[in-house]
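Participant:
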Amino acid sequence: MEPDPDLRRPFDMSLKMTVPSAMNAFYVHTHRYLTSFVDFWCQFAELQQQVSNDRRSISESLEQHKSRVLMDVNVDGGLSIAFPLNQFSSQAILLETDGVSVANRFDVASSLQDFEGYCLDNPHSEDEYDCLIDSIELNCRNASFFEAFRRPHAQGSPQFHFNEAPAFDSGLRIEVPTTFQRFGFVKTKENLLLDKPKTLTFTLYRNIDEFISHNAPNNSVILCLDNAELNVSTEFYKLIRGVLEKNFADPLIPVPESIPIEILQKPESTKETASAIRRDLRLQISVFERRLELLLSGDSKRF
């Protein structure tokens with residue numbers, strides 16, 4: 009694909025996908041898996057760019073826009089996402105939704121009210137460049153959160169092994185339908201965070217011009233919770249902290265053997281002369297007319 013520095017094309021690529029209501033999806037998320045998956049395709053794209061540059065025998069400037077992918081994704085069937093403590097743990101937070109929709113558009117930062125209302129701009133920036141922003145809106149319809157446990161299936165049978173007693177009473181657990189052959193999940197009957205299923209709206213902003221300017225954070229996430237009643241027990245609070253610390257904050261060290269030799273041997277084309285202060289990721293939660301209840305559990309357990 010030829011570079012488009014003047015943004016004459018409305019987008020570089022487009023993705024349109026519809027999942028019918030007859031299909032249900034289940035995804036187990038670990039930061040380690042997602043990072044490895046993304047690294048593979050980033051390395052593939054970099055190799056493709058090197059081959060393209062060699063064929064043209066020119067050196068392109070690094071100061072260019074990132075790819076603009078126009079998305080229109082609708083998952084009409086149910087979607088369940090499990091967030092385990094890490095890849096070895098059986099404890100997890102389970103998010104269940106009736107459907108997911110993703111749509112985006114491209115705007116300059118100065119035209120977005122959220123950048124002023126939520127102070128998303130970078131106060132340490134020394135330039136006045138108006139960054140191009142990929143504005144992504146993600147809606148999870150009728151979302152609920154549960155405490156869940158991964159359990160192996162019996163040999164040759166879709167039934168669960170319950171030799172190790174779950175952390176909640178057997179009369180309060182529900183089997184979660186999945187298509188995994190070796191393991192499955194059971195969850196609590198009670199919605200542990202929201203008083204009732206609610207549509208969650210995530211707004212994600214991606215700085216397409218991060219190679220040109222850092223006036224805007226590379227990635228920003230805003231979660232809107234309006235008219236919500238939140239119930240957080242001490243046990244579920246510990247589980248949330250555990251997922252954030254051991255899953256999303258899992259320290260990752262690149263393995264040189266997994267990186268193509270062409271990328272490792274690629275000469276440095278830039279030289280850093282000073283370390284600027286910039287925001288790579290910003291997460292904000294917007295709440296209006298909410299009620300928060302903190303519940304104390306009778307027993308205190310450790311992860």
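The numbering of the sequence shown is my numbering, which starts it at 9 and goes up by one.
All residues carry an ideal CB built from backbone N, CA and C; glycine is no exception.
Please read these numbers as outputs of a predicted model, since none were measured by experiment.
CB-CB under 7 Å to Arg310, same chain, minus the five flanking residues each way: which ones, in chain order?
Facilitator: Legend: pLDDT at Arg310 = 42, less than 50; position of this residue unreliable, no value from coordinates given.
Participant: Going by C-alpha to C-alpha distance, which of Phe34, Cys232, Ser60 and Val116 sits closest to Ile89?
Facilitator: Closest in alpha carbon position to Ile89, among Phe34, Cys232, Ser60 and Val116, is Phe34.
Participant: Cutting at 8 Å between CB atoms, please list the residues of its own chain near Ala282, excluding the five before and the five after it.
Facilitator: In this predicted model, Ala282 has a pLDDT of only 47, less than 50, meaning its place in the structure is not dependable enough to derive any value.
Participant: What does the alpha-carbon distance come out to for the pair Phe91 and Tyr245?
Facilitator: 14 Å
Participant: Bridge partners of Ala100, per DSSP?
Facilitator: Pro92 and Ala156
Participant: I'd like the list of long-range same chain contacts for Leu247, defined as Cβ closer than 7 Å, with 5 residues on each side in sequence excluded.
Facilitator: If we look at Leu247 and ignore the five residues flanking it on each side, its Cβ neighbours are Gln99, Ile101 and Glu155.
Participant: When DSSP labels each residue in this structure, what does Arg17 get in the three-state scheme?
Facilitator: coil
Participant: Mapping the DSSP letters down to three states, classify Glu145 as helix, strand or coil.
Facilitator: strand
Participant: What number of angstroms, rounded off, separates the C-alpha of Leu212 from the C-alpha of Thr196?
Facilitator: Taking the straight line from one Cα to the other gives about 30 Å.
Participant: Given a cut-off of 8 Å on the beta-carbon distance, is the pair Val117 and Cys139 in contact?
Facilitator: A small correction: the amino acid at residue 117 is Ala; Val does not occupy that position in the sequence shown. Yes, Cβ-Cβ distance for Ala117 and Cys139 is below 8 Å.
Participant: Using the Cα positions of Pro28 and Asn94, report the straight-line distance between them to the nearest angstrom.
Facilitator: Approximately 31 Å between the Cα atoms of the pair.
Participant: Who are the near neighbours of Leu304 in its chain, counting only those whose CB is closer than 7 Å to its CB and skipping five residues on each side?
Facilitator: Thr242
Participant: List the residues that DSSP assigns as beta-bridge partners of Met79.
Facilitator: Leu23
Participant: Would the beta-carbon of Leu4 fall within 8 Å of that of Phe210?
Facilitator: For residue 4 there is no data in the structure shown, the boundaries of the chain being 9 and 311.
Participant: Which residue or residues does DSSP assign as beta-bridge partners of Val116?
Facilitator: Leu140
Participant: So what's Thr38 in DSSP terms, helix, strand or just coil?
Facilitator: Correct three-state label for Thr38: coil.
Participant: Return the residue from the list Lys254, Phe19, Asp106 and Ser143 that minimises the CA-CA distance to His37.
Facilitator: Lys254
Participant: Going by Cα to Cα distance, which pick from Asn223, Val46, Leu42 and Gly85 is closest to Asp258?
Facilitator: Leu42
Participant: Once DSSP output is grouped into helix, strand and coil, what is the label at Thr242?
Facilitator: helix
Participant: For the putative contact between Gly86 and Asn32, defined by C-beta atoms under 8 Å, what is the C-beta separation to the nearest angstrom?
Facilitator: 4 Å
Participant: Drop a sphere of 10 angstroms on the beta-carbon of Ile182, count the other beta-carbons inside from all chains shown, and report buried for 16 or more, exposed for fewer.
Facilitator: exposed
Participant: Here's the rule I'm using: 16 or more other beta-carbon atoms within 10 Å means buried, otherwise exposed. How should Pro185 be labelled?
Facilitator: By the 10 Å Cβ count, Pro185 comes out exposed.
Participant: Note down the Cα distance separating Ala224 from Leu233, rounded to an integer number of angstroms.
Facilitator: 24 Å
Participant: Taking only three categories from DSSP, how would you classify Lys254?
Facilitator: DSSP places Lys254 within a helical segment (H, G or I) once states are collapsed to three.
Participant: Around the Cβ of Asp80, are there at least 16 other Cβ atoms within 10 angstroms (buried) or fewer (exposed)?
Facilitator: Exposed.
Participant: In the structure shown, what three-state DSSP assignment does Gln292 receive?
Facilitator: Gln292 falls in the strand class under three-state DSSP.
Participant: List the residues that DSSP assigns as beta-bridge partners of Lys206.
Facilitator: Note: Lys206 sits in a beta bridge opposite Ala151.
Participant: Have a look at the DSSP bridge pairing and note the partners of Thr43.
Facilitator: Answer is none; Thr43 lacks a bridge partner.
Participant: What is the DSSP secondary structure of Ser109, counted as helix, strand or coil?
Facilitator: It is a strand residue.
Participant: For the beta strand (DSSP E) holding Asn227, just list the boundary residues, first then last.
Facilitator: Asn227 to Asp234
Participant: Tell me, which residues are paired with Glu301 by DSSP?
Facilitator: Asn239
Participant: With burial defined as no fewer than 16 other Cβ atoms inside 10 Å of the residue's Cβ, what is the status of Phe48: buried or exposed?
Facilitator: Result: exposed.
Participant: Which residues does DSSP pair with Ala30 in a beta bridge?
Facilitator: BP columns for Ala30 are empty, so no partner.
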